[in-house]
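Quick notes on the structure that follows.
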Amino acid sequence: VPAPPALCKSVRHRRSWYTSTMVYVTALSIILVLGIFCFLYPTRKVGDLVNIAATLNHASRRNYLVRTLSYLTREMVLNDGFSRRTKPQTTAAIQFMVEELKKSDEAVRVGGSLGISVGADDHNEEHNAVMYGSGCSWRGPNTTTCDIDGMPGLGGKGLYTITSTFVDSVRTVLTLYGTAEDDRPKTWVGEPGDGDSYNYVSPPQERLNLMLSDRNLAFIQDSFDGDLVQGLTQVVGLLQGETRNILSTALNENQTLFSVHVVVVIVFFYFLLFRRTVQLACTEVLRARDFCIKMPIYILEADDMEIFLDYFRTDEDRENNEKDEQDMILAGGGAGTSVDLKSTM
């Protein structure tokens, strides 16, 4: 028997707010949106991580290229066989390396190439202070002078000026002491030349003296572990610190959002809604049982008794009763059946 509309309306008005369908829909929507937000929000750091990884890679590569150029320049000028390359091969290698240093340096500073979208100039003030500011912080806090031997006025003008001077010096040395451009091989990777020149190698004294007298050569050799490499190493350390900050920020944000998500699910949904709803349902079941036990069912007529009992039957109980009735009819025992109130409640 369907319940009267007035009764349904009264029950809806009296029920607790946390049993409302709209409350559950709203809560589940908040949990879904928050879960998606917790997943998508940290991804904004992916671009920064990709960019800083490429920046750090080429910033470290500058150190390698500077030291390689210092070594190859010495081998080109001395041409004593220690490098196991011919002079044209060494000249071609220097030409390639100096262009790679220029590309890596520009990509690290300005960006827009070699996988670096945003250069360090746009997001790292400490990097800019080292590259373009005055002083020589890579020498330590107690440094009293920034002078560079053989290069008066170069020290203290920033790492960018020193890097540019190094590139210009390598190009000058390449022009003065390298082989003609037409004699340089297209590739500088190959087997060393044959002959007796590698059986016994000794540096010629006049070329050793040239290494000391030419200020460009002296500056290039001093750069192997001098101000240029020390400054570039400091920049690498600054970029590594920036990388750690990005990772730390992303991790903290992820942990915070995950904690908020867990609190919302456990406190707001489980304890405030779900658990209270289940407890209310259990309480109502006990109250309904107590109400039924106290009802004077014995004064009801048979039809009213059947209606009352049918309210507490499940679909399975009804199917079993119908089956029993059909079996009794077939057996000739009549269509009536009695139902124990205790078994149906």
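The numbering used here puts the last residue of the sequence shown at 1437; the count rises by one with no breaks. The beta carbon of each residue, even a glycine, is placed where N, CA and C say it ideally should be.
Under 9 Å between C-beta atoms of residue i and residue j
i        : j        : result
Gly-1270 : Lys-1179 : yes
Leu-1251 : Val-1142 : no
Leu-1372 : Ser-1102 : no
Cys-1238 : Asp-1319 : yes
Arg-1307 : Met-1243 : yes
Val-1265 : Leu-1309 : yes
Ile-1389 : Phe-1400 : yes
Leu-1364 : Tyr-1110 : yes
Phe-1311 : Phe-1258 : yes
Val-1169 : Arg-1299 : yes
Asp-1402 : Arg-1410 : yes
Val-1352 : Leu-1126 : yes
Contacting residues, own chain, Cβ-Cβ under 8 Å from residue i (five flanking each side not counted)
i        : result
Asn-1216 : Leu-1330, Leu-1331 and Glu-1334
Asp-1286 : Confidence in Asp-1286 is poor, its pLDDT being 48 and thus under 50, which makes the residue's placement unreliable; the coordinate value appears in the next sentence. Around Asp-1286: no qualifying Cβ.
Phe-1316 : Val-1158, Arg-1159, Ser-1162 and Tyr-1163
Ile-1338 : Lys-1137, Asp-1140, Leu-1141 and Ile-1144
Ser-1226 : Gly-1248, Lys-1249 and Gly-1250
Exposure label - residue i; buried when at least 16 CB within 10 Å
i        : result
Thr-1236 : exposed
Ile-1254 : buried
Gly-1323 : buried
Gly-1207 : exposed
Arg-1276 : buried
Asp-1197 : buried
Ile-1240 : buried
Close Cβ partners of residue i (< 6 Å) along its chain, the five nearest in sequence each way excluded
i        : result
Gly-1211 : Arg-1201, Val-1202 and Gly-1203
Ala-1199 : His-1150, Ser-1205, Leu-1206 and Ile-1208
Met-1397 : none
Asn-1171 : Lys-1179
Contact set for residue i: own chain, Cβ-Cβ below 7 Å, skip 5 residues either direction
i        : result
Phe-1383 : none
Ser-1209 : Asn-1143 and Gly-1203
Thr-1369 : Tyr-1110 and Thr-1111
Asn-1220 : Asp-1213
Span separating the alpha-carbon of residue i from that of residue j
i        : j        : result
Arg-1154 : Asp-1260 : 15 Å
Glu-1414 : Phe-1360 : 45 Å
Phe-1350 : Arg-1263 : 55 Å
Lys-1278 : Arg-1336 : 42 Å
Cys-1130 : Ala-1342 : 11 Å
Ser-1340 : Pro-1296 : 55 Å
Thr-1406 : Ile-1128 : 40 Å
Residue i: CB within 8 Å of a non-hydrogen atom of the ligand NAP
i        : result
Met-1397 : What this structure holds is no ligand at all, so the ligand NAP is not there to describe.
Does the stretch 1356-1371 come within contact of the stretch 1119-1133, defined as at least 3 CB pairs closer than 8 Å?
yes
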